[in-house]
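Numbering (this note's numbering), first residue to last: 995 to 1183. Okay, structure first, notes after.
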């Protein structure tokens, strides 16, 4: 059995990225651990018609964001890495400053200290210097900063096509093989 991947959904706009990452990982039979922050649950309700219970049904293990003693809060619990999608600026700040007041921040901190892959799909615009500094510092600590910025070379026809491309890029960073969108081909130049 492969190592699990930790997915956190926080309170930034773009909750569909987290949901679709979970859907893709389920189809690929990759075990998952999920944390949804309180603001993430609220954003889910505001942006979609998908009940939280349906999102939780996509994963193998659900953790309370308040449970800082969960398995994923320890470096001795092996994981493939972690994706925070979407990643709010508040969460980015907590991760960057090792402010482990909740499980999302603690699990991300553990992922960094154990030198595992951490992908942060930061969702904010515009950005001020403080946001950029936080992203720069997180990258210095080993995180991959992956704001869901769409590409258009694959000629997306729907919003879902754009989301799939962002999900695919996040999964690429974790070494997950998939076929979510057409890759660039030298024959197209």
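Glycine included, each C-beta is placed from N, C-alpha and C at the ideal position.
- Straight across, the Cα-Cα distance linking residue 1163 with residue 1063 is about 31 angstroms.
- Between residue 1078 and residue 1138 the beta-carbon gap is near 11 angstroms, outside 8 angstroms, which marks them as no contact.
- Put simply, the stretch 1114–1127 does not touch the stretch 1058–1072. Fewer than three CB pairs are less than 8 angstroms apart.
- Counting the other CB atoms within 10 Å of its CB gives residue 1051 a total below 16, which places it among the exposed residues.
- DSSP places residue 1115 in the uninterrupted beta strand (DSSP E) bounded by 1111–1116.
- A residue is called buried when at least 16 other Cβ atoms come within 10 angstroms of its Cβ; residue 999 meets this threshold and is buried.
- Cβ-Cβ distances below 6 angstroms link residue 1088 to 1099 in the same chain, with the five nearest sequence neighbours on each side left out; the list follows chain order.
- Annotated three-state conformation of residue 1079 is strand, per DSSP.
- According to DSSP, residue 1026 shares a beta bridge with 999.
- Remark: C-beta atoms of residue 1173 and residue 1159 do not approach each other more closely than 8 angstroms.
- When beta bridges are read from the DSSP output, residue 1139 appears opposite 1114.
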